[in-house]
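Peer 1: Chains as they are written, first to last, in this note's numbering: chain R, 1132 to 1531; chain G, 9 to 167. One structure coming up, written as structure tokens, with questions to follow.
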Ligand SMILES: [Zn+2]
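Have a look at this one:
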């Protein structure tokens, strides 16, 4: 297998709605930014892999073909990867494989998603329209009819609450602290959607969505697009003197809705994905070998569970990392310096590509006000979907 | 100012995507026929490994062999739950209205090996009243349409 580097980052701000852009032009802006970042032209790109979460939300089957045309990429192949809320991580794996195998030298990874074009004409609400359109992601026979609470309720009942019962934590205060941390981190991220300086009390006193998960502990929904350019070693060295290498990548599915009793309260797929990525990257103690982590905090409680499943601490001890400030921006292992899904924003299938871009910028020490110290030269990106069924962990590395 | 002007020029058009289905429950048809006609819950048991699936599966996902039907009592134990204070309103896909808060729970039905995701109703819906370990029993709705919402669960007072 050949070494694979990320040589171009294209990020856009997360915004709740972008009525000023159709999804094709929104994507073009992200692609243009990535090409400019790598000082390449679209002619240099051999293949585009698209990450798309929901066609229903885009009101269009096979939307990537229309984007590909809009990008002026005729003659170049493209396909889309769909793996729920972890489509971004899985698509990154596909793009990696194209370059690692020698099939391609320069591949672009592109995610785009709009959700707020959905609308309920009954209640005149975009939120209701989105929840209804998004509900088709649930199993139509067994889950959807009894899941009007959406992803926060499903994650709370199938992951967080059984975890609290089995392992005695995290506490409501620890969960709220994670939300406070991510909101505070978002204050200095120009791409962040929600900028609020919250207290633990604010979070705990906000509306309960699905007990104990409160409103400020739930992820946002955004219209956004993002792009990355992946290159072979030879190409990477021509393009940049700061390539960031993909040194570990692991995926695993674990069908949470099957709810087998022994996996309740765990995210076994995430544990497996992390183990695979660490093995490939040669990581033994992630807490001490990483500079930062960006992960999918659909609900803040699940961020703490992710620390545990990814081996930053034993299972059940994640709350301590919060209390001890380990995951704060100035801590040993800062998590979600961008603000995460609860404050930076969330466009499924796009967020993880933007997160990988964030880690690349951090490792290259060009993350501006949100820059963290880079001592080990390694970062981690985690993308999971809304019920922890699809899980991906990617290790990025800047080798001196 | 420039941004405001641009926003004002944005034109929005309605669009409705309609796809009606009349879909087959295939080899698990018996589950919904029994729910609708006989107020009886069924699970499926793998003749090879013995795992009892509910929701039922016509084939065992471990052994790939066809399963056998076994009746359940409709009683069970809550493994985990959450009180939901939020629902998407105007949801015409849902034949029954959910009163807030409703309790979403993973229930281990007596005789089954898997968790069953469903809802528990209780008059007071007091936080903490329904929790892991709470015994529940099935309540059948009228009329039943052959859907998972044809029933729900309530605390089992032993009566
Ligand atoms: Zn079997």
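Glycine residues also receive a C-beta, built at the ideal position from the N, C-alpha and C atoms. Computed from a predicted model, the values in this text were never measured in an experiment.
1. Can you tell which of 1228(R), 1179(R), 1529(R) has its C-alpha closest to the C-alpha of residue 1509(R)?
2. Starting from the beta carbon of residue 1296(R), find every residue of chain G whose beta carbon is closer than 8 Å, and list them in chain order.
3. Kindly indicate the opening and closing residues of the beta strand (DSSP E) around residue 1142(R).
4. Candidates 1524(R), 1404(R), 1526(R), 1488(R): which alpha carbon is nearest residue 1164(R)'s?
5. Alpha carbon to alpha carbon, how far is residue 1480(R) from residue 1275(R)?
6. Can you name the residues of chain R whose CB is closer than 7 Å to the CB of residue 43(G)?
7. Closest to residue 1364(R) by CA distance: which of 1393(R), 1243(R), 1189(R), 1231(R) is it?
8. Using a Cβ-Cβ distance cut-off of 8 Å, determine whether residue 145(G) contacts chain R.
9. Tell me, please, which residues DSSP counts as bridged to residue 76(G).
10. Residue 137(G) versus chain R: which residues are under 9 Å apart at the beta carbon?
11. Who pairs with residue 1244(R) in a beta bridge, going by DSSP?
12. Could you check whether the Cβ of residue 1292(R) sits closer than 8 Å to any Cβ belonging to chain G?
13. Count the other CB atoms within 10 Å of the CB of residue 1428(R); is the residue buried (16 or more) or exposed (fewer)?
14. Could one say the Cβ of residue 83(G) lies closer than 8 Å to chain R's Cβ atoms, at least one of them?
15. Taking 8 Å as the threshold (C-beta atoms), are residue 1513(R) and residue 1437(R) in contact?
16. Just the C-alpha distance for residue 1185(R) and residue 1501(R), rounded to the nearest angstrom, thanks.
17. Relative to ligand 1, is the shortest distance from any of its heavy atoms to the C-beta of residue 92(G) smaller than 7 Å?
18. Under 8 Å, Cβ to Cβ, is there at least one residue of chain R near residue 125(G)?
19. Would residue 16(G) be called buried (16 or more neighbouring beta carbons within 10 Å of its own) or exposed?
20. Quick check: does the Cβ of residue 62(G) come within less than 7 Å of any heavy atom belonging to ligand 1?
21. Where does the unbroken alpha helix (DSSP H) through residue 1522(R) begin, and where does it stop?
22. Is residue 78(G) a contact residue of ligand 1, with contact defined as CB to any heavy atom under 7 Å?
23. For ligand 1, is there any heavy atom lying closer than 7 Å to the beta carbon of residue 1477(R)?
24. Buried or exposed for residue 1154(R), please, with buried defined as at least 16 other CB atoms from any protein chain shown within 10 angstroms of its CB.
25. Residues in its own chain within less than 7 Å of residue 1159(R) by CB, not counting five upstream and five downstream?
26. Of the residues 1168(R), 1245(R), 1198(R), 1210(R), which one's Cα is nearest the Cα of residue 1482(R)?
27. With the cut-off set at 8 Å, would you say residue 1240(R) and residue 1525(R) are in Cβ contact?
28. Can you tell me which residues form a DSSP beta bridge with residue 91(G)?
29. If you reduce the DSSP assignment to three classes, tell me which class residue 1163(R) lands in.
30. Answer yes if the stretch 85-92 of chain G comes into contact with the stretch 1286-1299 of chain R, meaning at least three C-beta pairs across the two stretches below 8 Å, and no otherwise.
31. Closest by CA to residue 126(G), which one among 160(G), 144(G), 51(G), 145(G)?
32. For a test of your reading of the model: does the CB of residue 1241(R) fall under 7 Å from any non-hydrogen atom of ligand 1? Yes or no.
Peer 2: The structure says:
1. Measuring from the Cα of residue 1509(R), the nearest candidate turns out to be 1529(R).
2. Those within 8 Å of residue 1296(R) in chain G are 88, 140.
3. Looking at the DSSP string, the run of the beta strand (DSSP E) that includes residue 1142(R) is 1135-1142.
4. Considering only alpha carbons, the answer is 1488(R).
5. Their Cα atoms are separated by approximately 21 Å.
6. Per Cβ cutoff of 7 Å: no residues; residue 43(G) is ~12 Å from chain R at best.
7. Comparing Cα positions, the closest option is 1231(R).
8. Residue contact with chain R for residue 145(G): absent (no Cβ-Cβ distance below 8 Å to any residue of chain R).
9. 53(G).
10. Result: empty, since nearest Cβ-Cβ is about 12 Å, beyond 9 Å.
11. Partner(s): 1355(R).
12. Closer than 8 Å: yes.
13. Burial call: buried.
14. False, the Cβ-Cβ gap to chain R never drops below 8 Å.
15. Going by C-beta atoms, residue 1437(R) is nearer than 8 Å to residue 1513(R).
16. Going from the Cα of residue 1185(R) to the Cα of residue 1501(R) covers about 31 Å.
17. Remark: the shortest separation between the CB of residue 92(G) and any heavy atom of ligand 1 does not fall under 7 Å.
18. Chain R, which has a Cβ nearer than 8 Å to the Cβ of residue 125(G), makes this yes.
19. That one is exposed.
20. Residue side-chain check: residue 62(G) keeps its Cβ at 7 Å or more from all non-hydrogen atoms of ligand 1.
21. Careful: residue 1522(R) lies outside any alpha helix (DSSP H), inside the beta strand (DSSP E) at 1521-1528.
22. Because no heavy atom of ligand 1 lies under 7 Å away, the Cβ of residue 78(G) does not count as near it: no.
23. The beta carbon of residue 1477(R) sits no closer than 7 Å to any heavy atom of ligand 1.
24. With at least 16 other beta carbons inside 10 angstroms of its own, residue 1154(R) counts as buried.
25. Only 1201, 1202 meet the Cβ criterion.
26. The option with the nearest alpha carbon to residue 1482(R) is 1245(R).
27. At least 8 Å separates the beta-carbon of residue 1240(R) from that of residue 1525(R).
28. In the DSSP assignment, residue 91(G) forms a beta bridge with 111(G).
29. Collapsing the DSSP output to three states places residue 1163(R) in a helix.
30. Counting C-beta pairs closer than 8 Å gives three or more between the stretch 1286-1299 of chain R and the stretch 85-92 of chain G, which meets the contact rule.
31. Cα-wise, what sits closest to residue 126(G) is 160(G).
32. Because no heavy atom of ligand 1 lies under 7 Å away, the Cβ of residue 1241(R) does not count as near it: no.
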